[in-house]
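Take a look at the structure set out below.
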Amino acid sequence: MNAFASHFAFEFRTGIRNKNLLLMNYLFPLGLYLMMSVIMPGVNPLFREVIIPGMVTFGILASTLLGLPDPLVNAREAGIFRSYKINGVPARNILLIPALSTILHVLMVALIILITAPIFFDAPAPQNYATFFLTVLGMAVACTGLAVLIGVVAPNSRLTVLFSQAIFLPSMIIGGIMIPYSMLPGAAAKIALLLPATHTMNAFNGLAMGGMADFYPWGSILTLFVGGITAFMLAWYLFRWDSTSSERRGHPLMALLALVPYAAWLLVILPEALHTLSLMHPKS
Amino acid sequence: MNEPMIEVKNFRKLYGDYVAVDNISFTVYKGEIFGLLGPNGAGKTSTLESLEGLRPPSGGTLRVAGVDPAAAPHKLRNLIGVQLQSAGLPASITADEAMKLFCAYHGVAPRFDLLDRLGLGGKRNIEFQGLSTGLQRRLALALAVAHDPPVLFLDEPTAGLDVASRVELHSLMHELKSKGTTIILATHDMAEAEEMSDRVAILLQGKLVAVDTPLAITATGAGLTKVSVNTRSGSLLSNHHPIPAVSQYLVKEQYAIYFSTNIGQTVSTLISTVEAEGDTLIDLRVERPSLEDRFLELTNGGPK
């Protein structure tokens, strides 16, 4: 078995063996999926429509943003990266392998939800499985990229939680899982465009679930992949082997560049909104 | 032992304005066990980490097996093995997995036999966090030597090890030395450094204050040789015999104890005195100053 495969096999097993990662990868997303799917359709029958896309999106958010950054910070603090460096483990593998193993875990969770939701909760199945899995993969790439970037730039565990929640919480509230994008007020809708979850739900609706997209869904897919790869490249660039080293190739604030692919949507949608606003309030 | 494996020339390491290592030079030869000694903050770790390619030097030249660690760290990976003070392994990795992983990156077959030899045979599938400190250090050592590197860095290798493990580690070090492995041993255990090292370097406040064999370093000190004598009639237990080159005398448990600056003169006079008194010698012990004594002398007195 070559080094990459051996490393990947270890990381993948860790995702199940480590209690915290097991919680974030499987127990938390699947537990919430069961709870929401049992309770919510009784309160709001329309919730059935979003069980699969909404809970898959939530599962990816939990596994990546809540599960991935902290082990990276802890490994750096514990000198594990130094040990890896001495033994020839490249920085690329240190970031890429946990990201890939997390993507594999989220694909398994997505598959469990996809198979069980129509059977047990009468949830509508996707109409196009290819675009469904393309969207899942796009969201997984986008979120693992951001999670790895947070793990690289966060100086300690406490700030890791803060940075992760800065994306996770808005994603849950205005990312299209709880409230459809079309129902968001103007400012919230603009902020929502900066979130991978919004683009994922838009792509699910427009390309996979047979619904209506709020904006160009293939653009959302492209944004997810470009956003994820941008975040990963930034993480690789800003990577440090240990926390005591002052040698870093760039300032941690460079991490904000990961939002550029999402912010580009503001350039597309904001002029439209301003135009609409000027029609509503013409200058006297 | 003439082939230089580690060359340190005018090496300096600065952290901002703080000078951690100040212009030190030494050479370590193939097959040598080289002790690196010094109190905390002396610059040992900065020197080791720069040689291991973990930190760039601020000045001077470093070569490890002919490779500049800062310029070509990737070339260094298969040439060095490092047992770090903190083991640096993921909490959930097992000994088996760690061996497979590290050997895979070094491009060699896993050395499970080393795990057995170092007492990890029955614990190969236990996670790293479940191993005792001693077993964690043994695993780190097994991983450091698994790819058979020509240069081995050991940082406090016996800290936390029981006596049997220390003996096994020392035996492994001798075996590696006999195969031509060069070993840098950073330790606070002076007895270990004295016993294991061919030569030692003593660092103090970033400067090199001594580089030589343990015997030569102890011989150059002002340390006094302790001579303890026990006789049948106790003729030496009163201090009325003039014994030359003795700076201090005391009696402890039927032994007359002399601290001598000239061991030859002192011992020959003691023997003739005992004979002249019609007494019989039961026991005579000579204890030369240890490396620890010399180390304390150097570190208390500052750089000489």
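Heads up: the sequence lines are chains A and B, in that order. The opening position of the first sequence corresponds to residue 1 in my numbering, with each subsequent residue numbered one higher. The opening position of the second sequence corresponds to residue 1001 in my numbering, with each subsequent residue numbered one higher. For glycine and all other residues, C-beta sits at the position ideal for the given N, C-alpha and C.
Test item: CB-CB of residue i and residue j under 7 Å
{"i": "A/Leu-137", "j": "A/Ala-255", "result": "no"}
{"i": "B/Gln-1083", "j": "B/Ala-1144", "result": "yes"}
{"i": "A/Ile-52", "j": "A/Ser-37", "result": "no"}
{"i": "A/Val-56", "j": "A/Ile-113", "result": "yes"}
{"i": "A/Thr-64", "j": "A/Thr-135", "result": "no"}
{"i": "A/Pro-217", "j": "A/Asn-202", "result": "yes"}
{"i": "A/Val-106", "j": "A/Ala-140", "result": "yes"}
{"i": "B/Leu-1284", "j": "B/Val-1229", "result": "yes"}
{"i": "A/Thr-198", "j": "A/Gly-219", "result": "no"}
{"i": "A/Ser-171", "j": "A/Leu-66", "result": "no"}
Amino acids of chain A, ordered along the chain, whose beta-carbon sits closer than 7 Å to that of residue i
{"i": "B/Glu-1052", "result": "Ile-86"}
{"i": "B/Ile-1093", "result": "Phe-10"}
{"i": "B/Tyr-1105", "result": "Ala-3, Asn-87, Gly-88, Val-89"}
{"i": "B/Ser-1156", "result": "Sequence inspection shows Glu at residue 1156 of chain B; the Ser mentioned does not correspond to that position. Residues of chain A passing the Cβ test: none, with the nearest at roughly 14 Å."}
{"i": "B/Glu-1097", "result": "Phe-10"}
Selection from the options that minimises the alpha carbon distance to residue i
{"i": "A/Pro-252", "options": "A/Gly-145, A/Leu-234, A/Ala-263", "result": "A/Leu-234"}
{"i": "A/Pro-90", "options": "B/Ala-1146, B/His-1106, B/Val-1227", "result": "B/His-1106"}
{"i": "A/Ser-101", "options": "A/Tyr-84, A/Leu-68, A/Ile-119, A/Ala-130", "result": "A/Leu-68"}
{"i": "A/Ile-228", "options": "A/Pro-196, A/Gly-151, A/Ser-6, A/Ser-164", "result": "Checking the displayed sequence, the identity of residue 228 of chain A turns out to be Gly instead of Ile. Among A/Pro-196, A/Gly-151, A/Ser-6, A/Ser-164, the Cα nearest to that of A/Gly-228 is on A/Pro-196."}
{"i": "B/Leu-1141", "options": "B/Pro-1150, B/Ser-1132, B/Phe-1128, B/Pro-1157", "result": "B/Pro-1157"}
{"i": "B/Leu-1089", "options": "B/Val-1209, B/Arg-1055, B/Ile-1282, B/Gly-1130", "result": "B/Gly-1130"}
{"i": "B/Leu-1236", "options": "B/Cys-1103, B/Thr-1225, B/Lys-1207, B/Asp-1279", "result": "B/Asp-1279"}
{"i": "B/Ile-1217", "options": "B/Gln-1248, B/Ser-1233, B/Ser-1290, B/Ile-1263", "result": "B/Ser-1290"}
{"i": "A/Leu-146", "options": "A/Pro-155, A/Ile-167, A/Thr-135", "result": "A/Ile-167"}
{"i": "B/Ser-1247", "options": "B/Gln-1254, B/Lys-1179, B/Val-1227", "result": "B/Val-1227"}
{"i": "B/Arg-1199", "options": "B/Arg-1012, B/Asp-1283, B/Asn-1040, B/Phe-1034", "result": "B/Phe-1034"}
{"i": "B/Ala-1065", "options": "B/Glu-1052, B/Gly-1059, B/Pro-1056", "result": "B/Glu-1052"}
{"i": "B/Phe-1011", "options": "B/Glu-1194, B/Ala-1091, B/Gly-1060, B/Leu-1250", "result": "B/Gly-1060"}
{"i": "A/Pro-41", "options": "A/Phe-120, A/Asn-18, A/Pro-71, A/Lys-85", "result": "A/Phe-120"}
{"i": "A/Met-108", "options": "A/Phe-133, A/Phe-8, A/Ala-213", "result": "A/Phe-133"}
{"i": "B/Ser-1025", "options": "B/Gly-1134, B/Leu-1208, B/Arg-1111, B/Phe-1112", "result": "B/Leu-1208"}
{"i": "B/Lys-1013", "options": "B/Pro-1057, B/Glu-1192, B/Glu-1277, B/Ala-1164", "result": "B/Pro-1057"}
{"i": "A/Tyr-237", "options": "A/Phe-225, A/Gly-250, A/Val-226", "result": "A/Gly-250"}
{"i": "B/Asp-1113", "options": "B/Val-1167, B/Ala-1146, B/Ala-1042, B/His-1241", "result": "B/Ala-1146"}
{"i": "A/Gly-206", "options": "A/Tyr-129, A/Tyr-33, A/Ala-188", "result": "A/Tyr-129"}
{"i": "A/Pro-118", "options": "A/Tyr-33, A/His-7, A/Ile-97", "result": "A/Tyr-33"}
{"i": "A/Ala-110", "options": "A/Asn-25, A/Asp-214, A/Thr-223, A/Ala-192", "result": "A/Asn-25"}
{"i": "A/Met-212", "options": "A/Ser-182, A/Phe-225, A/Val-226", "result": "A/Ser-182"}
Residue i CB to nearest heavy atom of the ligand PLP below 6 Å
{"i": "A/Leu-222", "result": "For the ligand PLP, the structure offers nothing, since it holds no ligand at all."}
Interface residues of chain B facing residue i [CB-CB closer than 7 Å]
{"i": "A/His-286", "result": "Residue 286 of chain A is absent from the structure shown; chain A starts at 1 and stops at 284."}
{"i": "A/Ile-80", "result": "Gly-1088, Leu-1089, Pro-1090"}
{"i": "A/Arg-249", "result": "The contacting residues do not exist; A/Arg-249 stays about 14 Å from chain B at best."}
{"i": "A/Asn-18", "result": "Ser-1092"}
{"i": "A/Ala-75", "result": "Pro-1090"}
{"i": "A/Ser-83", "result": "Leu-1084, Gly-1088, Leu-1089"}
Chain-order list of residues whose beta-carbon lies under 7 Å from that of residue i (same chain, five-residue window excluded)
{"i": "B/His-1170", "result": "Met-1196"}
{"i": "A/Asp-122", "result": "Arg-48"}
{"i": "B/Gly-1234", "result": "Gln-1254"}
{"i": "B/Asp-1189", "result": "Thr-1158"}
{"i": "A/Leu-194", "result": "Leu-259, Tyr-262, Ala-263"}
{"i": "A/Thr-298", "result": "Absent from the structure is residue 298 of chain A, since the part of chain A shown begins at 1 and ends at 284."}
{"i": "B/Met-1173", "result": "Ile-1033, Ile-1183, Met-1196"}
Sequence-distant residues of its chain with Cβ nearer than 6 Å to residue i (five each side left out)
{"i": "B/Leu-1152", "result": "Gly-1081, Thr-1181, Ile-1183"}
{"i": "A/Ala-5", "result": "none"}
{"i": "B/Glu-1007", "result": "Thr-1027, Arg-1063"}
{"i": "B/Asp-1154", "result": "The displayed chain sequence assigns Leu, not Asp, to residue 1154 of chain B. These residues qualify, in order along the chain: Gln-1083, Leu-1185."}
{"i": "A/Gln-127", "result": "Gly-210"}
{"i": "A/Ala-99", "result": "Thr-144, Val-148"}
Own chain partners of residue i with C-beta closer than 8 Å, once the 5 adjacent residues on each side are dropped
{"i": "B/Ile-1126", "result": "Thr-1094, Ala-1095"}
{"i": "B/Lys-1044", "result": "Leu-1036, Leu-1037, Gly-1038, Ala-1186, Leu-1203"}
{"i": "B/Leu-1224", "result": "Ser-1247, Gln-1248, Phe-1259, Ser-1260, Thr-1261, Pro-1289"}
{"i": "A/Asp-242", "result": "Arg-76, Gly-79, Phe-81, Arg-82"}
{"i": "B/Leu-1139", "result": "Ala-1087, Leu-1089, Ala-1095, Ala-1098, Leu-1115, Leu-1118, Leu-1120, Phe-1128, Leu-1131"}
{"i": "A/Arg-248", "result": "Leu-238, Arg-240"}
{"i": "B/Ala-1193", "result": "Gly-1035, Leu-1037, Leu-1185, Thr-1187, Val-1200, Pro-1214, Leu-1291"}
{"i": "A/Leu-257", "result": "Thr-230, Leu-234"}
{"i": "B/Asn-1078", "result": "His-1106, Gly-1107, His-1147, Pro-1149"}
Residue i: contacting residues in chain B (beta-carbon distance under 9 Å)
{"i": "A/Thr-102", "result": "Per Cβ cutoff of 9 Å: no residues; A/Thr-102 is ~15 Å from chain B at best."}
Neighbouring residues, chain B, relative to residue i (Cβ below 8 Å)
{"i": "A/Thr-160", "result": "Near A/Thr-160 there are no residues of chain B at all, since even the closest Cβ is about 17 Å away, more than 8 Å."}
Listed from N- to C-terminal order along the chain, which residues in the region 1071-1083 of chain B have their beta-carbon within a distance smaller than 8 Å of any beta-carbon of chain E? No chain E appears in this structure, whose protein chains are A and B.
Mind pulling the alpha helix (DSSP H) runs of 4 or more residues that sit fully within the region 68-114 of chain A? 69-77, 80-86
Just list the alpha helix (DSSP H) runs in the region 1241-1283 of chain B, keeping only unbroken ones of 4 residues or longer that don't cross its boundaries, in chain order. 1263-1276
Entirely within the region 2-77 of chain A and at least 4 residues each: give me those alpha helix (DSSP H) ranges in chain order. Within the region 2-77 of chain A, the complete alpha helix (DSSP H) segments at least 4 residues long are 3-17, 19-22, 28-43, 51-61, 69-77, listed from N- to C-terminus.
At what residue ranges does the region 1022-1049 of chain B contain a whole run of the beta strand (DSSP E), taking only runs of 3 or more? 1033-1037
Entirely within the region 125-194 of chain A and at least 3 residues each: give me those beta strand (DSSP E) ranges in chain order. You should have found no qualifying run.
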